[in-house]
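These notes are about the structure you will find just below.
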Amino acid sequence: MGVARSTTSAAGRSRALALPLRRDALLRGLGLGAIVLLAALLRFSYMHELGNVNHYYTAAITSMIQSWYNFFYVVAEPGGALTVDKPPVGLWMQAISAKIFGVNAFGVLLPGILCGLGSVALLYHLVRRSFGTAAGMVAALGLALAPVVVATDRNNTIDSMLIFTLLCATWAFFNAAERARLGFLLLGAALIGVGFNIKMLQAYMVLPALYVMYLLGARLSLWRKLLQLALATLVLLAVSLAWVLAVDLTPASQRPFVGSSTNNTVMELIVGHNGLDRLYGMGGMGGFGGGRGGGPSQAGQSGQGNAPSGQPGQGRDGGQGRDGFGSQGGGPGRQPQGGGQGFGGPGGDTGQAGPLRLLTTPLSKDAGWLLPMALMGAILLAFSSRPRWPVAPAHQALLAWGGWLGAAGVFFSIAGFFHEYYLSMLAVPAAALAGIAVAAIWHLRERHPWLALGAALVALVATMWLQYATVVRYVGAPWWLWLAVGMAGAAALALLLGTALRRAVWARWAALAGMAGAVAAVLLVPGVWSYLTMRNPVENASLPAAYSGETRAKDGAADLTVDQELLDYLQANTQDTRYLLAVPSSMQGSDYVIATGRPVLYIGGFMGSDQVVDGAGLRQLVGAGELRYIYWQTSGGRMGGGSSDVSSYLTSSCQVVRGFETGTQNTGAPGGTSRSGSQNGGMGRMQIALYDCGAAASL
Numbered sequence: 000m001g002v003a004r005s006t007t008s009a010a011g012r013s014r015a016l017a018l019p020l021r022r023d024a025l026l027r028g029l030g031l032g033a034i035v036l037l038a039a040l041l042r043f044s045y046m047h048e049l050g051n052v053n054h055y056y057t058a059a060i061t062s063m064i065q066s067w068y069n070f071f072y073v074v075a076e077p078g079g080a081l082t083v084d085k086p087p088v089g090l091w092m093q094a095i096s097a098k099i100f101g102v103n104a105f106g107v108l109l110p111g112i113l114c115g116l117g118s119v120a121l122l123y124h125l126v127r128r129s130f131g132t133a134a135g136m137v138a139a140l141g142l143a144l145a146p147v148v149v150a151t152d153r154n155n156t157i158d159s160m161l162i163f164t165l166l167c168a169t170w171a172f173f174n175a176a177e178r179a180r181l182g183f184l185l186l187g188a189a190l191i192g193v194g195f196n197i198k199m200l201q202a203y204m205v206l207p208a209l210y211v212m213y214l215l216g217a218r219l220s221l222w223r224k225l226l227q228l229a230l231a232t233l234v235l236l237a238v239s240l241a242w243v244l245a246v247d248l249t250p251a252s253q254r255p256f257v258g259s260s261t262n263n264t265v266m267e268l269i270v271g272h273n274g275l276d277r278l279y280g281m282g283g284m285g286g287f288g289g290g291r292g293g294g295p296s297q298a299g300q301s302g303q304g305n306a307p308s309g310q311p312g313q314g315r316d317g318g319q320g321r322d323g324f325g326s327q328g329g330g331p332g333r334q335p336q337g338g339g340q341g342f343g344g345p346g347g348d349t350g351q352a353g354p355l356r357l358l359t360t361p362l363s364k365d366a367g368w369l370l371p372m373a374l375m376g377a378i379l380l381a382f383s384s385r386p387r388w389p390v391a392p393a394h395q396a397l398l399a400w401g402g403w404l405g406a407a408g409v410f411f412s413i414a415g416f417f418h419e420y421y422l423s424m425l426a427v428p429a430a431a432l433a434g435i436a437v438a439a440i441w442h443l444r445e446r447h448p449w450l451a452l453g454a455a456l457v458a459l460v461a462t463m464w465l466q467y468a469t470v471v472r473y474v475g476a477p478w479w480l481w482l483a484v485g486m487a488g489a490a491a492l493a494l495l496l497g498t499a500l501r502r503a504v505w506a507r508w509a510a511l512a513g514m515a516g517a518v519a520a521v522l523l524v525p526g527v528w529s530y531l532t533m534r535n536p537v538e539n540a541s542l543p544a545a546y547s548g549e550t551r552a553k554d555g556a557a558d559l560t561v562d563q564e565l566l567d568y569l570q571a572n573t574q575d576t577r578y579l580l581a582v583p584s585s586m587q588g589s590d591y592v593i594a595t596g597r598p599v600l601y602i603g604g605f606m607g608s609d610q611v612v613d614g615a616g617l618r619q620l621v622g623a624g625e626l627r628y629i630y631w632q633t634s635g636g637r638m639g640g641g642s643s644d645v646s647s648y649l650t651s652s653c654q655v656v657r658g659f660e661t662g663t664q665n666t667g668a669p670g671g672t673s674r675s676g677s678q679n680g681g682m683g684r685m686q687i688a689l690y691d692c693g694a695a696a697s698l
């Protein structure tokens, strides 16, 4: 009888204990759900205004869903002549989605947006597991409201998928360090290898931090950890290079030309265009100089031949201009000024290289919103406990998040070439450390209240000052900025009262209100900026970036720009021809691929500097009946690298089709021109025309 009563009593206590636990779990779920819902609203809203976003990648998706060959090699246009200058996994996901939902904004953007939402939820989990619910919520909200992340998630560039993959790898490494489990370590290495197959060397940016965290944090002997890391490295390399070797070991005549490479190999693309060129700058290749040149000639192969040596142009990832022929623009205000640092020289869209680059315009609107608060979180983590071996969980988090932030921060402070949306890599560790700062300050208050107050005020004032300076630089001082400043002041007062009168009954509540107000103040400004980024989608049309202070007209600027009269002419006269036409680069042809789904030969690859096909190759394609029309320069400037053999072939064997001549500027990214030759300024003028190289024209 006594045993029965004891059992009943124990069961009652268990049920009573379970109730608050279930209630806490429910509240946590509701809080996280609200944050994810807010993130979804910022990413899905007004999607119809995004048009075809980055046309270079959308044209590639149009091509990839047409055949398994195009899908595997991530070819840039349906003819299969060359690949996109990125590895396959991210584009594979977009192609699968587009196959299901269609080649439209929703179908193309869905994988990236879902990965963005997954990153918000996963960051919450990773921070909460060591620092509590409040820290996890602040971190998740900081990532959800990061303007550059909102812009990137709403674009078909592939960084959103990379970030989610790297967060999954971080989860695996944390588990490997905490449980000393080799399986988690190998999983983390494999996931970084998958990330490499999304954005190549950018995925390795987190590798030093995670390796050091495991080396110093796992409860194993040093030699055993070194051996396991060596094994993980083998897995990393095997996954990273699987597709690379599959492409490079295939005979060049049986696969597309590797876009943006100098020798038609993916390995050179990794080391060159997607590697050292990012650190040292594109120089003449991608800025306003000559091409990269070199490489083998395989005349007659539409994906293999020698090609133009270089073409002046803008950035590599879609920074295209507009002309009467239909190349896509990066949007007003996105043009680099001559010799920009991000385009091969000092200054320009990514500012001057140096230690303050990320804290000053133009990059502060992309990277600076939470950096001071994140740095305070890193400092508090460093002094949260005494060093020991293996390192404590708090120091493991410092190594992981601080190492990620440090590696990315150093690279973007000194790199010669990158686009603003790459800075979404910084937003993840910054949000994590900002959330950790809140928890660290609150726990420090219990032992050292005045020190905690000082840390809170320094973080609050520094963060608000940087946000104030950024907003004023772009839009002046709107009412919501003063609201945030007022909230910060009220929060500081509440924190001061809660510390000075900490023996009072209400002191803890005052301090709690102060912390909540401080968090709300520092997140209000980037939250509004994210809304402005979402409501001005033309800035996301090609190269996504946070709002730059200009309200843009929603006039379909991100949609296709094709010459309908020319398109009708080509469609009527190429029904028995494989290619719709050949153009100097994707900047003139991607819109026509999207509009028709037909092959358009990019003679010089993305910008005109690739060695895809030469004059002899064009002659062979025309002779085989696969190509008839070629769009090329007739005078002035340089187009398609100014390839003399192509020009010689056109002059000797083809005829200009009257009525389709176009005057344009010689940047490789024409802007606002007409067939009559009028232009809206630029760096010079060239005349380009449509050539008919059919049998009748060659007589």
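Oh and the sequence shown: position 669 is 668 in numbering that gives the first Met the number 0, straight run, nothing missing.
All residues carry an ideal CB built from backbone N, CA and C; glycine is no exception.
Check, Outcome
"CA-CA distance, N263 and N155?", "25 Å"
"I need the straight-line Cα distance from L49 to R223, nearest angstrom please.", "51 Å"
"Quick check on DSSP: helix, strand or coil for V561?", "coil"
"Let me know the secondary structure DSSP gives W368 once reduced to three states.", "coil"
"State yes or no: is the C-beta of S384 within less than 8 Å of the C-beta of A58?", "no"
"Could you give the DSSP three-state label for Q632: helix, strand or coil?", "strand"
"In the DSSP output, what is T82 paired with across the bridge?", "V74"
"Output the distance between the C-alpha atoms of G402 and E177, rounded to the nearest integer angstrom.", "18 Å"
"Per DSSP, which one or two residues make a beta bridge with D691?", "Y628, Q654"
"Between N69, L109, L41, V518, which lies nearest to A150 when the distance is taken from Cα to Cα?", "L41"
"To which residues of the same chain is F183 closer than 6 Å at the C-beta, ignoring the five residues directly before and after it?", "A171, N174, A175"
"Mind checking whether V645 and Y690 have CB atoms under 8 Å apart?", "no"
"Helix or strand or just coil, what does DSSP make of V257?", "coil"
"Which of the three DSSP states is assigned to L362 in this structure?", "coil"
"Within the region 443-490, note down every full alpha helix (DSSP H) run reaching 4 residues or more, in order along the chain.", "448-474"
"Helix, strand or coil for Q610 per DSSP?", "coil"
"Given this structure, state the Cα-to-Cα distance separating R254 from A594, to the nearest angstrom.", "25 Å"
"Could you have a look at V390 and say whether DSSP puts it in helix, strand or coil?", "coil"
"DSSP puts T661 in a beta bridge; with which residues?", "I687"
"Less than 8 Å between C-beta atoms, sequence neighbours within five positions excluded: which residues of the same chain meet that for S643?", "none"
"Measuring CB to CB, does A510 end up less than 8 Å from R444?", "yes"
"Span of the alpha helix (DSSP H) holding L113?", "104-130"
"With hydrogens ignored, establish whether the beta-carbon of P250 is closer than 7 Å to any heavy atom of the ligand GDP.", "With respect to the ligand GDP, the structure offers nothing, as it holds no ligand at all."
"On a CA-only basis, which of L450, G434, F411 is nearest G280? Give me that one, please.", "F411"
"Measure how close the beta-carbons of L81 and D609 come, nearest whole angstrom, since I'm counting them as under 8 Å.", "6 Å"
"In the DSSP assignment, the beta strand (DSSP E) including A581 goes from what residue to what residue?", "580-582"
"Below 6 Å CB to CB, which residues in the same chain sit around L425 once its five sequence neighbours on both sides are set aside?", "A366, A407"
"If V148 and S423 are in contact, beta carbons under 8 Å, what's the gap, nearest whole angstrom?", "5 Å"
"Looking at L25 and A139, is the spacing between their C-beta atoms short of 8 Å?", "no"
"From which residue to which residue does the beta strand (DSSP E) around L600 run?", "599-601"
"Could you check which residue in A231, L144, N103 has the C-alpha nearest to that of M46?", "N103"
"Roughly how many whole angstroms lie between the Cα atoms of T650 and E625?", "20 Å"
"Taking the C-alpha atoms as reference points, what is the distance between R21 and L29?", "12 Å"
"Just to confirm, are V265 and V234 a CB contact at a threshold of 8 Å?", "no"
"With 16 other CB atoms within 10 Å as the buried threshold, where does E564 fall?", "exposed"
"If we ignore side chains and look at the alpha-carbon of each, how far apart do H124 and M533 end up?", "26 Å"
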